[in-house]
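Below: the structure, in structure tokens.
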Amino acid sequence: MADSTSFNLEVLQAGKAAPRAGKGPSQGLGAGKVAAWISLCLLAATAIAPMTSLLKQEARAMQLLGASDAEVIDTLATDWSGQSNPDFLETLAELSLVLPKPDLASAEAAARQAVAADPSRAHVWARLAWLETQKTGAKVNPAALDALTRSMDACPLCDQKLIAWRFNFVLANWNSIPDPLRRRAFEHADLLRWIGPNAEFLAEMRVKARQNGIPFDAYRAAVETPVRTWDIVAEDVRPRV
28 MADSTSFNLE VLQAGKAAPR AGKGPSQGLG AGKVAAWISL CLLAATAIAP
78 MTSLLKQEAR AMQLLGASDA EVIDTLATDW SGQSNPDFLE TLAELSLVLP
128 KPDLASAEAA ARQAVAADPS RAHVWARLAW LETQKTGAKV NPAALDALTR
178 SMDACPLCDQ KLIAWRFNFV LANWNSIPDP LRRRAFEHAD LLRWIGPNAE
228 FLAEMRVKAR QNGIPFDAYR AAVETPVRTW DIVAEDVRPR V
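Numbering of the sequence shown is given in my numbering, commencing with residue 28 and proceeding in unit increments.
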């Protein structure tokens with residue numbers, strides 16, 4: 028079990044026939060122009076093909092965003108194992124988890140394909156960390172820790188919600204989290220004090236952490252950050268005797 032359950036182109040036209048003459052430089056130049064034009068056309072076709080494929084993949088990903096549960100289930104029933112568009116795969120992983128009956132296996136498979144195609148998908152790595160715990164009775168295993176670490180590496184401070192989710196995950200599984208990851212989570216969560224409406228969330232995390240014997244204040248105090256006095260609560264400035 029988790030340590031705590033309280034943290035939830037142009038057209039070429041033929042000209043008039045020229046007088047017969049020996050082969051001169053003008054004829055060679057004409058042939059050269061034709062050859063160059065053909066090469067240019069081939070190059071353009073080569074460049075357009077992958078762009079067309081990419082546009083089709085992006086369109087499919089956007090279409091999936093508005094899919095109904097039945098359409099998501101139908102998509103999962105098709106062979107998408109060769110799909111390499113990370114947007115499509117990340118969306119499929121997300122939607123697999125919000126079905127009336129969540130499809131954890133498909134969510135994990137899609138998520139793993141997504142990070143294989145684009146290892147910078149921090150949200151997908153975080154989702155994989157959670158999915159790993161669902162396979163082990165809500166216990167954090169090495170694979171979950173690896174996924175959590177990769178999420179932190181890919182996006183330390185780029186998304187408030189992701190920072191908050193990882194912070195909650197670390198606190199909820201405190202006894203299974205190595206100390207370096209605990210400290211990273213607190214360092215990242217410190218940003219939440221300065222941006223966005225996160226005061227209530229952080230206060231809730233603090234209360235729940237202390238209820239579960241987690242030295243929240245000690246870890247927060249160890250974070251190296253500029254001092255902002257208006258953020259320090261009264262309890263932090265009381266004289267100690």
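Ideal Cβ placement from N, Cα and C applies to all residues, glycine included.
To the nearest angstrom, report how far apart residue i and residue j are at their CA atoms.
{"i": "N168", "j": "L175", "result": "11 Å"}
{"i": "K166", "j": "D173", "result": "14 Å"}
{"i": "D244", "j": "V197", "result": "15 Å"}
{"i": "R177", "j": "G240", "result": "27 Å"}
{"i": "L126", "j": "E251", "result": "42 Å"}
{"i": "A236", "j": "P224", "result": "20 Å"}
{"i": "L92", "j": "T118", "result": "7 Å"}
{"i": "S111", "j": "T102", "result": "15 Å"}
{"i": "G164", "j": "L116", "result": "26 Å"}
{"i": "N35", "j": "I204", "result": "17 Å"}
{"i": "S33", "j": "C182", "result": "26 Å"}
{"i": "P269", "j": "A136", "result": "The chain is shown from 28 up to 268; residue 269 falls before or after that span and cannot be answered."}
{"i": "L56", "j": "G109", "result": "Only weak support is given to the placement of L56: the predicted model assigns it a pLDDT of 42, under 50, and the value that follows is read from those uncertain coordinates. Straight-line Cα distance between these residues: approximately 47 Å."}
{"i": "A94", "j": "V234", "result": "40 Å"}
Decide if residue i is buried, meaning its Cβ has at least 16 other Cβ atoms within 10 Å, or exposed.
{"i": "M179", "result": "buried"}
{"i": "Q90", "result": "exposed"}
{"i": "P46", "result": "Residue placement at P46 is flagged as unreliable, the pLDDT there being 36, under the threshold of 50; the coordinate-derived value follows with that caveat. With fewer than 16 Cβ atoms within 10 Å of its Cβ, P46 is classed as exposed."}
So which of the options has the shortest CA-CA distance to residue i?
{"i": "D186", "options": "F213, L155 and I222", "result": "I222"}
{"i": "L184", "options": "T163, F213, A171 and E159", "result": "F213"}
{"i": "D206", "options": "A249, D96 and I100", "result": "A249"}
{"i": "Y246", "options": "F115, A226, E227 and R211", "result": "R211"}
{"i": "K128", "options": "A88, V99 and A191", "result": "V99"}
{"i": "E227", "options": "A170, Q238, A191 and I204", "result": "A191"}
{"i": "Q140", "options": "N35, Q238, W107 and A181", "result": "W107"}
{"i": "L219", "options": "R193, Q238 and P242", "result": "R193"}
{"i": "Q161", "options": "V234, D130 and I204", "result": "D130"}
Determine the contact status of residue i and residue j, defining contact as a CB-CB distance below 9 Å.
{"i": "N202", "j": "M232", "result": "no"}
{"i": "A134", "j": "S123", "result": "yes"}
{"i": "L189", "j": "A149", "result": "yes"}
{"i": "D96", "j": "A199", "result": "no"}
{"i": "R154", "j": "A104", "result": "no"}
{"i": "W152", "j": "V142", "result": "yes"}
{"i": "L208", "j": "A216", "result": "no"}
{"i": "A138", "j": "D114", "result": "no"}
{"i": "E159", "j": "A144", "result": "no"}
Run the proximity test for residue i: is its beta-carbon closer than 8 Å to any non-hydrogen atom belonging to the ligand MG?
{"i": "C185", "result": "Although the ligand MG was asked about, the structure shown includes no ligands whatsoever."}
Whole alpha helix (DSSP H) runs in the stretch 216–241 with 4 or more residues, listed along the chain?
226–238
Pick out the complete alpha helix (DSSP H) segments inside the stretch 106–167, 4 residues or longer, and give them in chain order.
Listed in chain order, the complete alpha helix (DSSP H) runs (minimum 4 residues) inside the stretch 106–167 are 113–124, 131–144 and 149–162.
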